[in-house]
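Per mature numbering (1 follows the signal peptide of the UniProt record, and there is no 0): the sequence shown = residues -20 to -1, 1 to 429.
All C-beta atoms in this analysis are idealised placements derived from N, C-alpha and C, irrespective of residue type, glycine included.
All remarks here apply to the structure that follows.
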Amino acid sequence: MYKQLALCLPLVFGSQISFADWVDNSVQAAEAHTIKLRQHIHQHPELGNMEFKTSELVQKELKSYGIEVRKGYAKTGVIGVLKGAKPGPVMALRADMDALPIKETAPVPFASKQKAIYQGQETYVMHACGHDAHTAMLLGAAKVLAENRDKIAGTVVFVFQPAEEGGADIDNFTQGDQIGSRKMIADGALNNPKPEVIFGMHVMAGMPSGNIFYKDGAILNSADHLRIQVNGSQVHGSMPWAGIDPIYASAQMITNIQSLVSRKADLTKGMGVVSIGSIQGGTTGNVIPDQVNMVGTIRSNSEDVRQGILTDLPKMVEHNAAANDVKVKVEIAPYAPVTTNDKTLTELMRPTLASVHGEDKLHLLDNNASASEDFAYYGQLMPSLFVFVGATPADQDMSKAAPNHNPMFIVDDTTLKTGVESHVRFIMDYPKVAEQVQASWKKRNASTK
């Protein structure tokens, strides 16, 4: 049914204005408002789980476009529902809204000077990862689509998600399932109507604005949080035989867990990284302490490699502890699985991506990005496509661009138009390929059960 409807669309548009011109004109008309929204959100950033003002702004904007607004998801999450004039699939577009505990030094007139409480401590707050742009781009797309609902085949679900970077007010290690995409899903944000596909994007520094980057399969690594507590017996540093040294044992653990990747993981299936980013123990040089605490991260672009590390790491650490007579507590908390782009969806939507700014502005990535995203949880429920949008002015030296999560991070205004147009084209083009995508998804899932 969707395919037959899609074949009729060019005839309808052709009698008035070409599809390409309609999209370009509509996005262009919304550009100034989108930029204004982005600058306001950037100047008033809010930490994860605390996006109250941002949530209110999103709700106000959606209502002004005539879009149905629903709230009560993941504390500050917002859902917008727009029913098109024609029958078709339910499609979701997602943006994250939260900022980071970083003091901004970027030389822009709308730089953040905001402070907030993060994990009990006052800190400066900045949109250093572009979530202000994500929110503004999705609002811009919502405006364009709402003004042209007569052209939409299906229903659009706009997903404005909090706390992708983690919550400012909770223990993200033990309560990670109470924030972000997992909480949106648990709270039923995608239940009524239930999307059959979801699209997302992320702005990236060091990539030229106006350019889109994609690949099928793994696009972002998984991420799991790691905590290790090693308990020994405190003693004078001059006589270690009289106590039990947790620092020595911890050093062995740090070294040995690297073999999980170099010797245990099947690297023909993907990569893996285990990094200890913090180790704390002792207060002075002549006392062997009774406790050492380590915090780290586990990353992979393969679920097979990831699961192998998650299974083997606790056993290795416990055996190491036994060999050194220390007691050990190992805790692993998931942040996100591998973000995986559906192969069929990616292939069939490639022409859509190319239509935004042309083939020369569309780039196939050789490898996935090393960062992680909780967008991955949506992709476990339905076919998903996640792309990167260049955020650095095209005439700038990409190697000198301040990266994401840097206090000098900047998003070029022209990036917003790329994001808005991509969202709009996702919605307008997906109905043409919906049946193929869903058939492939169902076949693949049936074969894995």
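Asked, Found
"Go ahead and label Gly46 buried or exposed: buried means 16 or more other beta carbons lie within 10 angstroms of its beta carbon, across all protein chains shown.", "exposed"
"By Cβ distance below 6 Å, which residues in the same chain neighbour Val38 in space, the five residues on each side in sequence not counted?", "Val58, Phe140"
"Tell me which same chain residues have a C-beta within less than 6 Å of the C-beta of His107, skipping the five on either side of it?", "His22, Pro25, Ala79"
"Output yes or no for whether 8 Å exceeds the beta carbon distance between Ala169 and Tyr53.", "yes"
"Let me confirm a value: Val391 is counted as buried when at least 16 other C-beta atoms fall within 10 Å, else exposed. Which label applies?", "buried"
"How far does the beta strand (DSSP E) with Ile59 in it extend, from its first residue to its last?", "57 to 63"
"What does a CB cutoff of less than 8 Å around Asp167 pick up in its chain, not counting 5 residues either side in sequence?", "Gly52, Tyr53, Ala54, Gly57"
"The alpha helix (DSSP H) that contains Met117, what's its start and end?", "111 to 127"
"From the DSSP output, read off the bridge partner residues of Leu27.", "Ala79"
"Could you tell me whether any Cβ in chain B is nearer than 8 Å to the Cβ of Thr332?", "Absent here is chain B; the protein component of the structure consists of one chain."
"Taking all protein chains shown into account, do 16 or more other C-beta atoms lie within 10 angstroms of the C-beta of Pro383, making it buried, or fewer, making it exposed?", "exposed"
"Report all residues from its chain with a CB closer than 6 Å to the CB of Gly160; omit the five preceding and five following residues, and keep chain order.", "Ala143, Glu144, Asp354"
"From Met184, Ile132, Ala316, pick the residue whose C-alpha is nearest to that of Ser282; which is it?", "Ala316"
"Compare the Cα-Cα distances from Gln260 to each of Leu290, Lys309, Val210, Pro294 and report the closest residue.", "Val210"
"Can you tell me where the alpha helix (DSSP H) with Thr320 in it begins and where it stops?", "Per DSSP, Thr320 belongs to no alpha helix (DSSP H); it is in the beta strand (DSSP E), 319 to 321."
"Excluding the 5 residues flanking Arg188 on each side, which residues of the same chain have their C-beta closer than 7 Å to its C-beta?", "It should be pointed out that residue 188 corresponds to Pro in this sequence rather than to Arg. Result list for Pro188: Gly370, Thr372, Ala374, Met378, in chain order."
"Rounded to whole angstroms, what's the CA-CA distance from Lys295 to Leu240? Just pull it up for me.", "11 Å"
"Could you spell out where the alpha helix (DSSP H) holding Gln99 opens and where it closes?", "Note, Gln99: premise wrong, no alpha helix (DSSP H); not H, not E."
"From His299 to Ile289, what distance separates their C-alpha atoms?", "15 Å"
"Report yes if the CB atom of Asp223 is closer than 8 Å to the CB atom of Ser213, and no otherwise.", "The question names Asp, but residue 223 in the sequence shown is Gly. Cβ distance < 8 Å, so Gly223 and Ser213 count as in contact."
"I'd like to check one pair, Arg330 with Ile178: are the Cβ atoms closer than 8 Å?", "no"
"Could you tell me how far apart the beta carbons of Leu206 and Val272 are, in whole angstroms, since I believe they sit closer than 8 Å?", "Wrong, their Cβ atoms sit about 14 Å apart, outside the cutoff."
"Could you check if Ser242 is buried or exposed, using at least 16 other CB atoms within 10 Å of its CB as the buried criterion?", "exposed"
"Note down the Cα distance separating Val136 from Asp284, rounded to an integer number of angstroms.", "34 Å"
"Name the residue from Gln19, Gly399, Ala126 whose alpha carbon lies nearest to the alpha carbon of Ser44.", "Ala126"
"So is Pro411 buried or exposed if we call it buried at 16+ other beta carbons inside 10 Å?", "buried"
"At what residues does the alpha helix (DSSP H) containing Glu298 begin and finish?", "283 to 303"
"Quick one: Cα of His337 to Cα of Asp409, how far?", "16 Å"
"Under the three-state reduction of DSSP, which class applies to Ile(-4): helix, strand or coil?", "coil"
"Within a Cβ cutoff of 8 Å, which residues of the same chain sit near Ala(-1), ignoring the five residues on either side of it in sequence?", "Ser335"
"On the three-pair Cβ rule with 8 Å, is the segment 59 to 66 touching the segment 145 to 154?", "no"
"Among Ile82, Gln232, Val215, Phe389, which has the Cα closest to the Cα of Tyr98?", "Ile82"
"Is it buried or exposed for Val88, if we count other Cβ within 10 angstroms and need 16 for buried?", "exposed"
"Compare the Cα-Cα distances from Leu247 to each of Arg286, Ala113, Val215, Ala231 and report the closest residue.", "Arg286"
"Please list, in chain order, all residues of the same chain as Ala10 whose beta carbon is under 6 Å from its beta carbon, the five residues on each side excluded.", "Gly120, Lys123, Val124"
"Could you spell out the range, first to last residue, of the alpha helix (DSSP H) harbouring Phe32?", "32 to 44"
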